[in-house]
Ligand code: KE4
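Structure, rendered in structure tokens:
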């Protein structure tokens, strides 16, 4: 029995499913999850000391790769001065000013400890600011596990949402309308029906939780126009896309100014940190200034902020995102070429430093199309690549990530390995 198997067997005795987050359990791809003990640059090592080229990067935070020396040094220097104070620190002011400078729509920002907390707080803030309750989200978009967002579409497109998880009260879910991503007509219909009741629309500007789905031209501008017209808050959930698809995030890439933005992953540099921010008028509704309560013992934690500041400093290097995007495209285009050469039905796309791999003819543009990907083909590919030391996300319905530490050597090895596997088909 491998060390991974031993650890997984033992972990299941003390941790539900043996993991602290469900996607890590390999339920979607089958087999034994990999327990990692070390990461460096583009590589990780598992409990059996096997190395992998890592295209998960902890689900997005590690845009610089694992254990970047300048990030580690910043964490170490901060930690030596104390791990937490539960009081304001200068570093929190520094990162707040930086986020307000870098993200076009953010005039004020509040730091929290996870993307879930950021999305949950943004929804409460939008409800408090508008005095309305109903929210719109999109099938296949994931915004963390707040009750109001663990909701699936009702029977009819415009009926009330139903819980997508046990433990979510039906009355909570009923305030959430779940629509189809990229279906602007459906959103218009919902606003025609509920307009004056809609507190917010929350959307991943590039969806990364149903594999990668890019916004159709007109979709994001349409959401902006509808929210403006009806006085609803447009929330861009950029926990994944923030500083992943460009220095100005997805909102800069697509030229849209949301009213609120959630951030996470990259801004914490691998440490537990997230944020939500936006128009001053809305943010001023937050306690202690306004009536919307939100708090956190470790919010703005100095060690996490240090990792975030070090990361955000390095991503501002001239050409950083050009290089990252070029490397990601080299991966996706190379995989498509290798698949086509061996008659494998496969396509792929990159947006900045994130990518989608699809075992289907054409790029999916909706949740239904994403779900139509050949899951067995993906799972076979996943395990064959894993065996050869290449670690993709353990689910056909997740996006992948490239870091600045990935270079020609890693891309070439990945493509050569993939070609061997495609040739077997
Ligand atoms: P966290 O609470 O996991 O920090 O963030 C929730 C979240 C919010 N918004 C978006 C767009 C997200 O992608 C996420 C979390 N992403 C998943 C990956 N699909 C995290 C991995 C996991 O759940 O273990």
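Residue numbers (the UniProt record's numbering): 1 to 425. All C-beta atoms in this analysis are idealised placements derived from N, C-alpha and C, irrespective of residue type, glycine included.
Between residue 239 and residue 269 the beta-carbon gap is near 14 Å, outside 8 Å, which marks them as no contact. Put simply, the backbone Cα of residue 183 is about 25 Å away from that of residue 165. C-alpha of residue 288 to C-alpha of residue 153: approximately 36 Å in a straight line. Remark: the C-beta of residue 245 is outside contact range of the ligand KE4, defined as less than 8 Å to any heavy atom. Put simply, the backbone Cα of residue 47 is about 31 Å away from that of residue 348.
For the ligand KE4, no non-hydrogen atom lies closer than 8 Å to the CB of residue 110. The criterion of a C-beta distance shorter than 9 Å is satisfied by residue 267 and residue 274. Following the DSSP letters along the chain, one finds residue 224 inside the alpha helix (DSSP H) bounded by residues 219 to 230.
Exclusion of the five residues before and after residue 292 leaves 124, 125, 128, 285 and 286 as the residues of its chain whose Cβ lies within less than 7 Å of its Cβ. With distances taken between CA atoms, residue 135 lies nearest to 232 out of 333, 400, 232 and 381.
Residue pairing from DSSP places residue 163 in a beta bridge opposite 151. Not one heavy atom of the ligand KE4 is found less than 8 Å from the C-beta of residue 300.
Per DSSP, reduced to three states, the secondary structure at residue 25 is helical. Between the alpha carbons of residue 368 and residue 181 lies a distance of about 10 Å. When beta bridges are read from the DSSP output, residue 350 appears opposite 355. Annotated three-state conformation of residue 50 is coil, per DSSP.
When secondary structure is reduced to three states using DSSP, residue 216 falls in the coil class, being assigned neither helix nor strand. For residue 23, the Cβ falls inside the 8 Å cut-off from some heavy atom of the ligand KE4. If you check the CB distance, residue 52 and residue 390 come in under 9 Å. Relative to residue 26, the option among 221, 402, 409 and 393 whose CA is nearest is 393. Measuring C-alpha to C-alpha distances from residue 236 to each of 262, 214 and 209 identifies 262 as the nearest.
Under the three-state reduction of DSSP output, residue 405 falls in the coil class, being neither helix nor strand. Its chain contains 248, 251, 252 and 257 as the residues whose beta carbon lies nearer than 7 Å to that of residue 104, once the 5 sequence neighbours on both sides are disregarded; these appear in chain order. For residue 7, no beta strand (DSSP E) run applies; the uninterrupted alpha helix (DSSP H) run containing it begins and ends at 3 to 14, by DSSP. Within 8 Å of the C-beta of residue 141 there is at least one heavy atom belonging to the ligand KE4.
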